[in-house]
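Student: Residue numbers (numbering that gives the first Met the number 0), protein chains in the order written: chain A, 0 to 221; chain B, 0 to 221; chain C, 0 to 221; chain D, 0 to 221.
By construction, the Cβ of each residue, glycine as well, lies at the ideal position given by its N, Cα and C atoms.
I am attaching a structure below and will ask some questions about it afterwards.
There are 4 protein chains.
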Amino acid sequence: MQNADKIEKKELSRSALRRQREKEQRYKVLLTSAETLIVKNGYHKTSVGQIADHAEVSVGTVYFYFKNKEELLIKLFEEGVKTLRHVLGSAFLKEDNSLKGFENAGLAFFDDFCINHRPKFTILFKEALGLSPEMETQRKETLELLINDVTSALKIVGDEMNFSYRTEQTARVVTVGILGIYERVAYQYIMWQDDTNTPNLEEIGKDAVAFIMGGINSLTIS
Amino acid sequence: MQNADKIEKKELSRSALRRQREKEQRYKVLLTSAETLIVKNGYHKTSVGQIADHAEVSVGTVYFYFKNKEELLIKLFEEGVKTLRHVLGSAFLKEDNSLKGFENAGLAFFDDFCINHRPKFTILFKEALGLSPEMETQRKETLELLINDVTSALKIVGDEMNFSYRTEQTARVVTVGILGIYERVAYQYIMWQDDTNTPNLEEIGKDAVAFIMGGINSLTIS
Amino acid sequence: MQNADKIEKKELSRSALRRQREKEQRYKVLLTSAETLIVKNGYHKTSVGQIADHAEVSVGTVYFYFKNKEELLIKLFEEGVKTLRHVLGSAFLKEDNSLKGFENAGLAFFDDFCINHRPKFTILFKEALGLSPEMETQRKETLELLINDVTSALKIVGDEMNFSYRTEQTARVVTVGILGIYERVAYQYIMWQDDTNTPNLEEIGKDAVAFIMGGINSLTIS
Amino acid sequence: MQNADKIEKKELSRSALRRQREKEQRYKVLLTSAETLIVKNGYHKTSVGQIADHAEVSVGTVYFYFKNKEELLIKLFEEGVKTLRHVLGSAFLKEDNSLKGFENAGLAFFDDFCINHRPKFTILFKEALGLSPEMETQRKETLELLINDVTSALKIVGDEMNFSYRTEQTARVVTVGILGIYERVAYQYIMWQDDTNTPNLEEIGKDAVAFIMGGINSLTIS
DNA sequence: TATGAATGAGCATTCATTCAT
DNA sequence: CATGAATGAATGCTCATTCAT
């Protein structure tokens, strides 16, 4: 009896686990499908039906996992910011809180994020704009996390290296400036280049990072 | 007969002129209406009917002046870039091709363009994204004009002040970096602030410009 | 010239008139199509597409004439009440404000309205229920007109014949009671009978009217 | 063995009983949940999922107890008629088959049924309309029970008090008339009044009953 | 030129119902 | 018995665009 029970339990638990796994799998497949199609055709020209087709499920299933179309984009956006924070964060932490960390992070943005996570870049800086106010709010809050990361890093490095910024606001301007350069330079050189005619991205990344470092330095007070 | 003809001609010519004026007037009114509504509600949530209503004409008329809805946005985008080029250009030219010109231009962006032409800012950096490939191409070509302006300015100032950039590409990276900072800092601080809680924009502009100047300098070689 | 002008004007005016006529025609056709289908299949099982098909126009056209599906029902409902008021009113007015007028009206309900306007009956008492709160309000307001008609008639006849009701409320209860009998008796005997097995409607009408007259009398005070 | 069996049986029987109880319980809870939600939001705006949620079971369970959504409404309708028959019946039976019994029944309708079973009233006269033909048939058959009750009562009282109606049909018209008054007066004064502004329902009930009594009398032949 | 009625493809979303576990 | 994930047909509604007048 005890044995039977145990086996029974084990069996149940196994099938339950499998279901759980399948559910998570579906969720991920849906997100990936959405990402692929949105990056390719744009959010507005991607219909929920297309996403369902691509994920090989029914429309109803999409709505079982996501409350509406926009939620798909929000999740993708959050995923993108998470990845970006991770890429920048680990690059920064390879140095001991020196300015070199910022260089590393910058290069990681261009050489890692833009190359290995290009769809996420598109979602982050191209598709998540011009949408509903709720999306706008969401976008703001999520990006805020990233901004806080960088601002904190600036402060830490400053403490270590005996410099600081005039005001908290100045530090944030520097942060936002950095992100602006990331975004625009990458956008300009990645999104707009024909695939045949890709410029030397590594060089461009280096230049952009140099620009950023110059900007960072120019506002410090010691 | 001659007299009659002349009179007739005169009349025609007068009425033709009036018509010409009215046509141009209509065109402008339509653009303004479109701008107002798109900035307020976003491109996708603005219908051609709404634009027609706001301009007090019929839908058909909109299609007489513009081939389709997207063309309205393209024209607005071009207008926006034109205005921005003008604002930056005149600020730059107030100095004699010194780096001070770039400072002036930067400050003009934040203190003039963002304040006095805010709708254009929205069109340029928020609504004209995530649209069709044709729009994308259009956007690229139009922005290219602006980028060329700044790149030329960099070269001119460099010639005057005996510095230059390693490569043409570096100069363009600097340019794009500058525009990225403009865009993102402004976007962050203008679009996202509650109207009540506007931060000190002038200060922010100064910091952003300082950042830019640092970046510009850090890549020069003499 | 003058002649030409006149002709021109006449022509314009004629075509404009024709368009006007066509528009009104379309509107009516749409209403009729909606009525037919709703009476046959019920409001919820009638789709806007079906109505459009039946009227031989596109869906868009339906939405050009009616702001949404419910408005179609509201208009039908209003039409129904209008017709009913007219039927009852003219029957009543054939007598000189005597109780006989009520008899006439009652018989007209069963022998005219229920027979010659059966679709309207269905709309009035079967389909316009269980819908949205707005529809409910609409229904209330429209029916109120009918109730007021009857209540006024009661008062007029009372004045003429030297009787009245205890309170205003009593008069209204009588009114509502009358309408309740109309509705339910007709519903019971018209809607539920198989077409083969129609009972003697005239007899039923007479009985119902006798019932009503008894009710009317029993609450009078002289 | 016997013991074991007995025990086994006892155990089974006990658990079976418990299960039986639970099943009935579930059934009732589902009906109540459905009633609450349908009365509140209407049949069409109440989804099976909502009912399941409210009853704290899964959707599948709903379909174990009821063949489909409509069956829920049918059962509720039947319950409503049952309750109404009971209310009217017991009131009627308090008198010795005199006309007073009808008065009692009428007052019971307004003062008991409409007050203490208002949800049932809504189900009976508002939600169960405009639905599918099957529902219509069902509705007809169920209401027929009620009509038969009243017609029989009329006959019994007539026998007792030495009056009768011209034909069987006349008696049924009287019955239907009575129900029509019940329905419409109650509907008018209960459903449409703002909760703050409830009119004197007792008075209204009395008036309606007086109306009915007048109607009943006016068709009798002795 | 200007009008505005007409079009109809397209889309997001809902929900009753099923069925494997 | 109970669960809840999956289905997919069905629907109301929008809107860019056209074209006869």
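Given that Lys-125 of chain A touches chain B, what residues does it touch there, using C-beta distances under 8 Å?
Tutor: Within chain B, the residues near Lys-125 of chain A are Leu-128 and Gly-129.
Student: Taking Cβ positions, are Gly-213 of chain C and Ser-217 of chain D nearer each other than 8 Å?
Tutor: Contact flag set, yes.
Student: Threshold first: 4 residues or longer. Then list the alpha helix (DSSP H) segments lying entirely within the segment 167-215 of chain D, N to C.
Tutor: Taking only runs of at least 4 residues, the alpha helix (DSSP H) segments lying wholly in the segment 167-215 of chain D are 167-185.
Student: Would you verify that the beta carbon of Ile-122 of chain A is, or is not, closer than 8 Å to some beta carbon of chain B?
Tutor: For Ile-122 of chain A, the answer is no, since every Cβ of chain B falls outside 8 Å of its Cβ.
Student: Check the Cβ-Cβ distances between Val-173 of chain A and every residue of chain B, and say whether any is below 8 Å.
Tutor: Yes, because at least one Cβ of chain B sits closer than 8 Å to the Cβ of Val-173 of chain A.
Student: Specify the secondary structure class of Ser-163 of chain B as computed by DSSP and reduced to three states.
Tutor: Ser-163 of chain B falls in the strand class under three-state DSSP.
Student: Taking only beta-carbon atoms, is Glu-102 of chain A less than 8 Å away from chain B?
Tutor: Output row for Glu-102 of chain A: interface = no.
Student: Between the segment 23-37 of chain C and the segment 45-59 of chain C, do at least 3 Cβ pairs fall closer than 8 Å?
Tutor: Flag = yes, the segment 23-37 of chain C and the segment 45-59 of chain C touch.
Student: Enumerate in chain order the residues of its own chain whose CB-to-CB distance from Ala-3 of chain B is below 8 Å, with the five nearest sequence positions on each side excluded.
Tutor: Unreliable positioning characterises Ala-3 of chain B in this predicted model, as indicated by a pLDDT of 47, which lies under 50. A coordinate reading is not provided.
Student: Answer with yes or no whether the minimum CB distance from Leu-71 of chain A to chain B is below 8 Å.
Tutor: Leu-71 of chain A does not count as touching chain B.
Student: Take Phe-210 of chain A and list the residues in its own chain whose beta-carbon comes closer than 7 Å to its own, dropping the five residues that flank it on each side.
Tutor: So the list reads Ile-180, once near-sequence residues are dropped.
Student: Could one say the Cβ of Tyr-64 of chain A lies closer than 8 Å to chain B's Cβ atoms, at least one of them?
Tutor: No, no contact with chain B.
Student: So, does the segment 116-133 of chain A touch the segment 68-79 of chain A, judging by three or more C-beta pairs under 8 Å?
Tutor: A contact exists between the segment 116-133 of chain A and the segment 68-79 of chain A.
Student: Threshold first: 4 residues or longer. Then list the alpha helix (DSSP H) segments lying entirely within the segment 43-90 of chain B, N to C.
Tutor: DSSP runs (the alpha helix (DSSP H)) wholly in the segment 43-90 of chain B: 47-54 and 58-64.
Student: Locate the alpha helix (DSSP H) running through Lys-93 of chain A, then write down its first and last residues.
Tutor: Counting along the chain, Lys-93 of chain A falls outside any alpha helix (DSSP H), and DSSP gives it neither H nor E.
Student: I need the boundaries of the alpha helix (DSSP H) containing Ala-104 of chain D, first residue and last residue.
Tutor: Segment 99-107, the alpha helix (DSSP H) holding Ala-104 of chain D.
Student: If contacts are defined as beta-carbon pairs under 8 Å, then Ala-207 of chain A and Gly-176 of chain B qualify, I think. What distance do you get, rounded to the angstrom?
Tutor: Sure, about 6 Å apart at Cβ, within 8 Å.
Student: Chain D beta carbons: is any one of them nearer than 8 Å to that of Val-184 of chain C?
Tutor: True, the Cβ-Cβ gap to chain D drops below 8 Å.
Student: Measure the C-alpha to C-alpha separation of Gly-41 of chain A and Phe-63 of chain A and round it to an integer number of angstroms.
Tutor: Looking at the two C-alpha atoms, the distance is approximately 23 Å.
Student: Compute the Euclidean distance between the alpha carbons of Thr-31 of chain C and Leu-87 of chain C, then round it to the nearest angstrom.
Tutor: So the alpha carbons of these two residues sit roughly 23 Å apart.
Student: Does any C-beta atom of chain B lie closer than 8 Å to the C-beta of Ala-3 of chain A?
Tutor: Its pLDDT being 46, under 50, Ala-3 of chain A is placed unreliably in this model, and the coordinates cannot settle the point.
Student: Leaving out five residues before and five after Val-149 of chain C in sequence, what residues of the same chain have Cβ atoms less than 6 Å from its Cβ?
Tutor: Result list for Val-149 of chain C: Thr-174, in chain order.
Student: Would the C-beta of Phe-162 of chain B count as close to the ligand SAH, meaning under 7 Å from any of its heavy atoms?
Tutor: No copy of the ligand SAH appears in this structure; indeed no ligand is present at all.
Student: Would you call Lys-22 of chain A buried or exposed, if buried means 16 or more other Cβ atoms sit within 10 Å of its Cβ?
Tutor: The residue in question, Lys-22 of chain A, is exposed, as its Cβ has fewer than 16 Cβ neighbours within 10 Å.
Student: Between the Cα of Leu-128 of chain A and those of A:Glu-55, A:Phe-76 and A:Asn-199, spot the shortest distance and give me the residue it belongs to.
Tutor: Nearest option by C-alpha distance: A:Phe-76.
Student: Rounded to the nearest angstrom, what separates Pro-118 of chain B and Ile-203 of chain B at their Cα positions?
Tutor: If I take the Cα positions, the gap works out to 20 Å.
Student: Counting only C-beta atoms, is Leu-218 of chain C closer than 8 Å to chain D at any point?
Tutor: So, interface residue.
Student: Anything in chain A within Cβ reach of Gln-49 of chain B, meaning under 9 Å, just list it in chain order.
Tutor: Correct list: empty, because the minimum Cβ distance to chain A is about 16 Å.
Student: Can you pull the DSSP bridge partners for Thr-219 of chain B?
Tutor: Answer by DSSP bridge pairing, in chain order: B:Tyr-164.
Student: Check Ala-15 of chain A in the structure and name its three-state DSSP category.
Tutor: Of the three classes helix, strand and coil, the one that applies to Ala-15 of chain A here is helix, per DSSP.
Student: Can you say whether Arg-20 of chain D is buried or exposed, counting buried as having 16 or more other CB atoms within 10 angstroms of its CB?
Tutor: Answer is exposed; the Cβ neighbour count stays below 16.
Student: Hey, out of A:Glu-126, A:Glu-159, A:Leu-144 and A:Ala-15, whose CA is closest to Val-80 of chain A's CA?
Tutor: Among A:Glu-126, A:Glu-159, A:Leu-144 and A:Ala-15, the Cα nearest to that of Val-80 of chain A belongs to A:Leu-144.
Student: Mind listing which residues of the segment 148-167 of chain D have their C-beta closer than 7 Å to chain C's C-betas, in chain order?
Tutor: Cβ contacts with chain C come from no residue of the segment 148-167 of chain D.
Student: Below 7 Å on C-beta distance, what does Tyr-26 of chain D contact in chain C?
Tutor: The contacting residues do not exist; Tyr-26 of chain D stays about 25 Å from chain C at best.
Student: Does Gln-24 of chain A pass the burial test, meaning 16 or more other C-beta atoms within 10 Å, or should it be called exposed?
Tutor: That one is exposed.
Student: For Ile-180 of chain B, decide whether its Cβ has a neighbour in chain A, counting only Cβ atoms nearer than 8 Å.
Tutor: So yes, Ile-180 of chain B belongs to the interface.
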